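Below is one structure, written out as structure tokens; the observations come after it.
Protein chains: 2
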Amino acid sequence: MSGFTLHGYFRSSASFRVRIALNLKGVAYDQAPVHLVRDGGEQLQAAFRALNPDALVPALTCDDGSVLTQSLAIIEYLEERYPTPALLPGLAADRAFVRAAALQIACEIHPLDNLRVLKYLKQELGASEAQKDAWYSHWIHLGFASLEARLASDSRVGSFVFGDAPTLADICLVPQVWNARRFAIPLSDYPTIVRIADHAMQHDAFAAADPARQPDAST
Amino acid sequence: MSGFTLHGYFRSSASFRVRIALNLKGVAYDQAPVHLVRDGGEQLQAAFRALNPDALVPALTCDDGSVLTQSLAIIEYLEERYPTPALLPGLAADRAFVRAAALQIACEIHPLDNLRVLKYLKQELGASEAQKDAWYSHWIHLGFASLEARLASDSRVGSFVFGDAPTLADICLVPQVWNARRFAIPLSDYPTIVRIADHAMQHDAFAAADPARQPDAST
Numbered sequence: 003m004s005g006f007t008l009h010g011y012f013r014s015s016a017s018f019r020v021r022i023a024l025n026l027k028g029v030a031y032d033q034a035p036v037h038l039v040r041d042g043g044e045q046l047q048a049a050f051r052a053l054n055p056d057a058l059v060p061a062l063t064c065d066d067g068s069v070l071t072q073s074l075a076i077i078e079y080l081e082e083r084y085p086t087p088a089l090l091p092g093l094a095a096d097r098a099f100v101r102a103a104a105l106q107i108a109c110e111i112h113p114l115d116n117l118r119v120l121k122y123l124k125q126e127l128g129a130s131e132a133q134k135d136a137w138y139s140h141w142i143h144l145g146f147a148s149l150e151a152r153l154a155s156d157s158r159v160g161s162f163v164f165g166d167a168p169t170l171a172d173i174c175l176v177p178q179v180w181n182a183r184r185f186a187i188p189l190s191d192y193p194t195i196v197r198i199a200d201h202a203m204q205h206d207a208f209a210a211a212d213p214a215r216q217p218d219a220s221t
Numbered sequence: 003m004s005g006f007t008l009h010g011y012f013r014s015s016a017s018f019r020v021r022i023a024l025n026l027k028g029v030a031y032d033q034a035p036v037h038l039v040r041d042g043g044e045q046l047q048a049a050f051r052a053l054n055p056d057a058l059v060p061a062l063t064c065d066d067g068s069v070l071t072q073s074l075a076i077i078e079y080l081e082e083r084y085p086t087p088a089l090l091p092g093l094a095a096d097r098a099f100v101r102a103a104a105l106q107i108a109c110e111i112h113p114l115d116n117l118r119v120l121k122y123l124k125q126e127l128g129a130s131e132a133q134k135d136a137w138y139s140h141w142i143h144l145g146f147a148s149l150e151a152r153l154a155s156d157s158r159v160g161s162f163v164f165g166d167a168p169t170l171a172d173i174c175l176v177p178q179v180w181n182a183r184r185f186a187i188p189l190s191d192y193p194t195i196v197r198i199a200d201h202a203m204q205h206d207a208f209a210a211a212d213p214a215r216q217p218d219a220s221t
């Protein structure tokens, strides 16, 4: 027992983010998979709701028994408890740049392409498969276009979003690119985003967090 | 000239958040209103895109000429530059609690009820007014129900979300409640949320950030 248990799902972007952060910090953790599809979604059942009333993954059970939720709050917590290696730069203005890139994904793209949103589109609004795919693709393209514009023009960008070491921004970027590829979204208009994501996946901490390598991975 | 200029819109929740934070920190700022509806949306025009390629408000122009985006990144920046009064508690676990409550609104509710999302529902998916209203209401109720469960059961909650002083969580909560009321969403199932939001609005920093009191306010 490491003291930390991640309640997540292999394909969940937000779980993927927390796995990367834990790996970067070198913090050992157990995994308690929550299957988002099987049996109508294990996250909606009483056992998981007792842990997290939001019925969302990930949740992180800590060594002191507390339960943390919301991936970005969990990662900021890890950053404060385990400052090295830093996942945010030293200067406030640079930290704001990194956090803004992370939030641009976490607030502007990911919430719209969440499983429960896609379900609502189909079940409540009667959207067709094609309309659901167009919706998914629309928010990825809108978000990636502006993020690409930002990254392509900012001198702070290096092999990672900020310089040559991974930060919170890469932690959010990589799962979003992984997701876009899963749905076969063409990414040729976003060369900076793709270059950074591919470079990051060569890093052990990112590679070990790959959905395909998790204990609950399936097709 | 204060050195800070907030490019926002009176009714935008994310702009409202940043106004509250600036007021709480006692940081003077000018306002440069960006009308989100007039002329098809000033945020979509070249002048604003040059400032923020995301075409989203708010953006904060700083005293050093840099442009910050994403409301939560801006508020964390203000917190780092002007630590007093603190908008986050001292302990990492408590900071995670406050950030999670903030993100539950900023990631799970607000992005789905954004202007551009409601537009997409109508224009691309042919949603009726009633379907659009049901969508809006659905994400408010889903998010508020779990947030209420969390706040009603956590001993850290006081007259504000964390104890008896405002934090980042209240800064996100108040605009979301304001928005829900604007659309006449019944809030009787969320007594803790309503109690905190009403208490916060008695605080000068929150009251001065009220959309109705901004220079660009209109009906």
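Residue numbers (the working numbering), protein chains in the order written: chain W, 3 to 221; chain B, 3 to 221. C-beta atoms are modelled at their ideal positions from N, C-alpha and C, and glycine is treated no differently. Since this is a predicted model, take the numbers as computed values, not measurements.
If I measure Cβ to Cβ from residue 189 of chain W and keep anything under 8 Å in the same chain, skipping five residues before and after, which residues do I get? 146, 179, 182, 183, 195 and 196
At a Cβ cut of 9 Å, what residues of the stretch 65 to 76 of chain W count as close to chain B, listed as they run along the chain? 66, 68, 70, 71, 72, 73, 74, 75 and 76
Secondary structure at residue 72 of chain W, three-state DSSP: helix, strand or coil? coil
With distance defined between alpha-carbon atoms, name the residue in B/129, B/91, B/137 and B/133 nearest to residue 119 of chain W. B/137
For residue 66 of chain W, count the other beta carbons within 10 Å of its own beta carbon; 16 or more makes it buried, fewer makes it exposed. Which is it? exposed
Do you know how far the Cα of residue 42 of chain W is from the Cα of residue 11 of chain B? 40 Å
Against chain W, does residue 3 of chain B count as a neighbour if the rule is that its beta carbon must be under 8 Å from one of theirs? With a pLDDT of 46 at residue 3 of chain B, under the threshold of 50, the modelled position of that residue is not reliable, and the figure given next carries that caveat. It does not: the Cβ of residue 3 of chain B has no partner Cβ on chain W nearer than 8 Å.
Can you tell me whether DSSP reads residue 206 of chain W as helix, strand or coil? helix
Go ahead and pull the three-state DSSP assignment for residue 3 of chain B. Residue confidence for residue 3 of chain B is low, a pLDDT of 46 falling below 50, so the modelled location carries little weight and cannot support an answer.
Provide the residue(s) that pair with residue 35 of chain B in DSSP beta bridges, ordered along the chain. B/10
Relative to the alpha-carbon of residue 139 of chain W, which residue among W/115, W/126, W/148 and W/125 has its alpha-carbon at the smallest distance? W/115
Distance between beta carbons of residue 90 of chain B and residue 81 of chain B, contact taken as under 8 Å: 6 Å
Could you work out which residues of chain W lie near residue 133 of chain B, taking near to mean beta carbons separated by less than 8 Å? 126 and 127
For residue 170 of chain W versus residue 199 of chain W, is the C-beta distance shorter than 8 Å? no
Three-state secondary structure (DSSP) at residue 214 of chain B? helix
To the nearest angstrom, how far is it from the Cα of residue 77 of chain W to the Cα of residue 101 of chain B? 11 Å
Measuring CB atoms only, is the stretch 16 to 31 of chain B touching the stretch 208 to 215 of chain B, in the sense that at least three cross pairs come out at less than 8 Å? yes
Please specify which runs of the alpha helix (DSSP H), each continuous and at least 4 residues long, are wholly inside the stretch 39 to 118 of chain W, giving them in chain order. 48 to 53, 73 to 83 and 94 to 110
Given that a residue counts as buried once 16 or more other Cβ atoms are within 10 Å of its Cβ, and exposed if not, what is residue 3 of chain B? With a pLDDT of 46 at residue 3 of chain B, under the threshold of 50, the modelled position of that residue is not reliable, and the figure given next carries that caveat. So residue 3 of chain B counts as exposed.
What residues from chain B crowd round residue 114 of chain W, counting only those whose CB sits closer than 8 Å? 113, 114 and 119
Count the other CB atoms, across all protein chains shown, that sit within 10 Å of the CB of residue 16 of chain W; report buried if there are 16 or more and exposed otherwise. buried
Strictly below 9 Å CB to CB, what residues from chain B border residue 148 of chain W? 51, 54, 55, 56, 57 and 58
Taking the Cβ atom as the reference point for each residue, do residue 177 of chain W and residue 205 of chain W lie within a distance shorter than 8 Å? no
With 16 as the cutoff for other CB atoms within 10 Å, does residue 191 of chain W come out buried or exposed? exposed
Locate the alpha helix (DSSP H) running through residue 131 of chain B, then write down its first and last residues. 131 to 155
Residues of chain B with CB under 8 Å from residue 152 of chain W, in chain order? 55 and 56
Spatial distance of residue 95 of chain B from residue 130 of chain W (CA atoms): 43 Å
Interface partners of residue 106 of chain B on chain W, CB under 7 Å: 56 and 72
Hey, quick one: how far does the alpha helix (DSSP H) through residue 15 of chain B stretch, first residue to last? 15 to 27
Could you say which of B/123, B/216, B/152 and B/87 lies nearest to residue 29 of chain B if we only look at CA atoms? B/87
Looking at chain W, is there any beta carbon in it that lies within less than 8 Å of the beta carbon of residue 109 of chain B? yes
Three-state secondary structure (DSSP) of residue 159 of chain W: strand
Chain W partners of residue 78 of chain B, CB-CB under 8 Å? 97, 98 and 101
Proximity test, Cβ basis, 8 Å: residue 143 of chain B and chain W: no
Excluding sequence positions up to five away, which residues of its chain have a Cβ less than 8 Å from the Cβ of residue 163 of chain B? 100, 103, 153, 169, 171, 172, 175 and 198
Residue 50 of chain B versus residue 143 of chain W: straight-line alpha-carbon distance, rounded: 20 Å
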